[in-house]
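K.L.:
Heads up: the protein sequence lines correspond to chains A and B, in order.
Heads up: the first sequence begins at 1 in the working numbering, then just goes up one per residue.
Heads up: the second sequence begins at 1 in the working numbering, then just goes up one per residue.
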Amino acid sequence: DTGVSQNPRHKITKRGQNVTFRCDPISEHNRLYWYRQTLGQGPEFLTYFQNEAQLEKSRLLSDRFSAERPKGSFSTLEIQRTEQGDSAMYLCASSSDPLGVLHYEQYFGPGTRLTVT
Amino acid sequence: LAKTTQPISMDSYEGQEVNITCSHNNIATNDYITWYQQFPSQGPRFIIQGYKTKVTNEVASLFIPADRKSSTLSLPRVSLSDTAVYYCLVGGMDTGRRALTFGSGTRLQVQP
């Protein structure tokens with residue numbers, strides 16, 4: 001399977017704990033995105049990488065959130081001191097830019113559902 | 001940020017053509033229009049992208065009038081499996097974040 005993969009698919013954690021999610025993009029894609037989605041809402045942009053460089057961060061990405069993409073391959077999203085409000089689906093997507101159009105067709109992974117108790 | 005407005009929900013029957021319109025009055029010169037489809041518990045899936053006039057692929061058509069202040073996603077002969085949420089996004093080269101704003105989308109319900 002050459003699609004975007006995310007691990008774990010589900011994570012239940014207690015408030016105050018740290019969690020880390022992993023995303024493996026499509027191998028030839030140089031851009032990688034993280035989104036958060038709550039029930040009934042569209043995905044909310046968190047951050048995006050071009051190769052290993054983190055180019056944009058949303059205001060939603062508080063100091064407790066950090067994302068990395070070492071060597072421009074897989075990416076991790078860490079949430080420190082989780083809060084109940086962090087409960088959501090965390091989506092990863094990747095893309096390339098064959099036409100030079102920024103954020104051309106994004107391929108999304110299945111997401112990691114986080115539940116903070 | 002350029003804001004998009006879509007109907008909250010639409011209903012249709014199998015075999016009908018469905019048109020979902022998105023308003024984007026503040027679209028910028030360099031902006032593209034992109035539509036995604038999302039099923040429950042799955043990530044969104046790219047449907048189509050366009051800049052002006054008409055774009056067609058194997059699953060949908062995208063109509064963009066000359067002023068580009070709106071766009072219409074057309075799904076021909078829908079089936080039950082087209083029941084999903086459809087998102088319109090607007091953005092492009094100059095301000096990346098606008099291209100990544102999904103909004104609440106349009107919930108399409110297709111009935112037999």
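Where is the CB? At the ideal position from N, CA and C, for every residue including glycine.
1. Which value, in whole angstroms, describes the spacing of the CA atoms of residue 87 of chain A and residue 66 of chain B?
2. What residues are listed by DSSP as bridge partners for residue 31 of chain A?
3. Whose Cβ in chain A lies nearer than 9 Å to the Cβ of residue 45 of chain B?
4. Can you pull the chain B residues whose beta carbon is under 7 Å from the beta carbon of residue 111 of chain A, in chain order?
5. Between the C-alpha atoms of residue 31 of chain A and residue 96 of chain A, what's the straight-line distance to the nearest angstrom?
6. Which whole-angstrom value is the C-beta distance of residue 106 of chain B and residue 20 of chain B, which I expect to be below 8 Å?
7. Do residue 40 of chain A and residue 26 of chain A have their CB atoms nearer than 8 Å?
8. With a cut-off of 8 Å on the beta carbons, I'd call residue 11 of chain A and residue 112 of chain A a contact; round off their distance for me.
9. Return no unless some Cβ of chain A is closer than 8 Å to the Cβ of residue 62 of chain B.
10. Among residues of its own chain, excluding the 5 on either side of residue 72 of chain A, which ones have a beta-carbon nearer than 8 Å to its beta-carbon?
11. With DSSP as the reference, identify every bridge partner of residue 150 of chain B, one or two as the case may be.
12. Determine the DSSP secondary structure at residue 9 of chain B, reduced to helix, strand or coil.
13. Helix, strand or coil, according to DSSP, for residue 57 of chain A in the structure here?
14. If you drop the 5 nearest sequence neighbours on each side, which residues of the same chain put their C-beta closer than 6 Å to that of residue 61 of chain A?
15. So if I threshold CB-CB distances at 9 Å, which residues from the segment 24-36 of chain A count as touching chain B?
16. Please report the distance separating the alpha-carbon of residue 56 of chain B from that of residue 117 of chain A.
17. Would residue 54 of chain A count as contacting chain B if we go by Cβ distances under 8 Å?
18. Quick check: is the beta carbon of residue 101 of chain B nearer than 8 Å to any beta carbon in chain A?
19. Going by DSSP, which residues form a beta bridge with residue 82 of chain B?
20. Give the DSSP-derived three-state secondary structure of residue 100 of chain B in the structure shown.
21. Please decide whether residue 105 of chain B counts as near chain E, where near means a Cβ-Cβ distance under 8 Å.
22. Which residue's Cα is closest to the Cα of residue 35 of chain A: A/105, A/57, A/81?
23. Provide the residue span of the beta strand (DSSP E) that contains residue 19 of chain A, from first to last.
24. Can you list, in chain order, the residues of its chain with a C-beta nearer than 8 Å to that of residue 69 of chain B? Leave out the 5 residues immediately preceding and following it.
P.N.:
With the given structure in hand:
1. Locating residue 87 of chain A in the first sequence gives position 87, where the first residue counts as 1. Locating residue 66 of chain B in the second sequence gives position 66, where the first residue counts as 1. The alpha-carbon atoms of residue 87 of chain A and residue 66 of chain B are separated by roughly 43 Å.
2. Here residue 31 of chain A corresponds to residue number 31 of the first sequence, with the count starting at 1. Partner(s): A/50, A/95.
3. Position 45 of the second sequence, counting from 1, holds the residue named residue 45 of chain B. Residue 45 of chain B reaches chain A at 107, 108, counting residues in chain order whose Cβ is nearer than 9 Å.
4. On the first sequence, position 111 is the one that residue 111 of chain A refers to. Those are 43, listed as they occur along chain B.
5. Here residue 31 of chain A refers to the residue found at position 31 when the first sequence is read from its first residue. Here residue 96 of chain A refers to the residue found at position 96 when the first sequence is read from its first residue. Residue 31 of chain A and residue 96 of chain A have their C-alpha atoms spaced approximately 6 Å apart.
6. Numbered from 1 along the second sequence, position 106 holds the residue referred to as residue 106 of chain B. Numbered from 1 along the second sequence, position 20 holds the residue referred to as residue 20 of chain B. Contact between residue 106 of chain B and residue 20 of chain B holds: CB atoms are separated by about 5 Å, below the 8 Å threshold.
7. Within the first sequence, the letter at position 40 stands for residue 40 of chain A. Within the first sequence, the letter at position 26 stands for residue 26 of chain A. Here residue 40 of chain A is not near residue 26 of chain A, since their CB atoms are 8 Å or more apart.
8. As a position in the first sequence, residue 11 of chain A is number 11, starting the count at 1. As a position in the first sequence, residue 112 of chain A is number 112, starting the count at 1. Between residue 112 of chain A and residue 11 of chain A the Cβ distance is about 6 Å, and since that is below 8 Å, they are a contact.
9. Translated into the one-based positions of the second sequence, residue 62 of chain B becomes position 62. Residue 62 of chain B is outside the set of residues whose beta carbon lies under 8 Å from a beta carbon in chain A.
10. Taking the first residue of the first sequence as 1, we reach residue 72 of chain A at position 72. Excluding residues within five positions, the ones whose Cβ falls inside 8 Å are 30, 49, 51, 52.
11. Within the shown structure, residues of chain B are numbered from 1 to 112, placing residue 150 of chain B beyond reach of any answer.
12. For the purposes of this step, residue 9 of chain B is taken as residue 9 along the second sequence, with counting starting at 1. Of the three classes helix, strand and coil, the one that applies to residue 9 of chain B here is strand, per DSSP.
13. Against the first sequence, residue 57 of chain A aligns to sequence position 57. Three-state result, residue 57 of chain A: strand.
14. For the purposes of this step, residue 61 of chain A is identified with residue 61 of the first sequence, where counting begins at 1. So the qualifying residues of the chain are 46, 47.
15. Per Cβ criterion, the list reads 33, 35.
16. For this step, residue 56 of chain B is matched to residue 56 along the second sequence. For this step, residue 117 of chain A is matched to residue 117 along the first sequence. Residue 117 of chain A has its alpha-carbon roughly 46 Å from the corresponding atom of residue 56 of chain B.
17. One-based indexing of the first sequence puts residue 54 of chain A at position 54. Cβ-Cβ to chain B under 8 Å: no for residue 54 of chain A.
18. Taking the second sequence and counting its residues from 1, the one referred to as residue 101 of chain B is at position 101. Output row for residue 101 of chain B: interface = yes.
19. Along the second sequence, read from residue 1 onward, the residue named residue 82 of chain B stands at position 82. DSSP lists no partner for residue 82 of chain B.
20. Start at 1 with the first residue of the second sequence, and residue 100 of chain B comes out as number 100. DSSP, read as helix, strand or coil, puts residue 100 of chain B in helix.
21. In the structure shown, chain E cannot be found, because the protein chains are A and B.
22. As a working mapping, residue 35 of chain A is identified with position 35 in the first sequence. Nearest C-alpha to residue 35 of chain A: A/57.
23. As a position in the first sequence, residue 19 of chain A is number 19, starting the count at 1. Counting along the chain, the beta strand (DSSP E) containing residue 19 of chain A begins and ends at 19-24.
24. Within the second sequence, residue 69 of chain B is the residue found at index 69, counting from 1. Counting only Cβ-Cβ distances below 8 Å, and skipping sequence neighbours, we find 23, 24, 25, 27.
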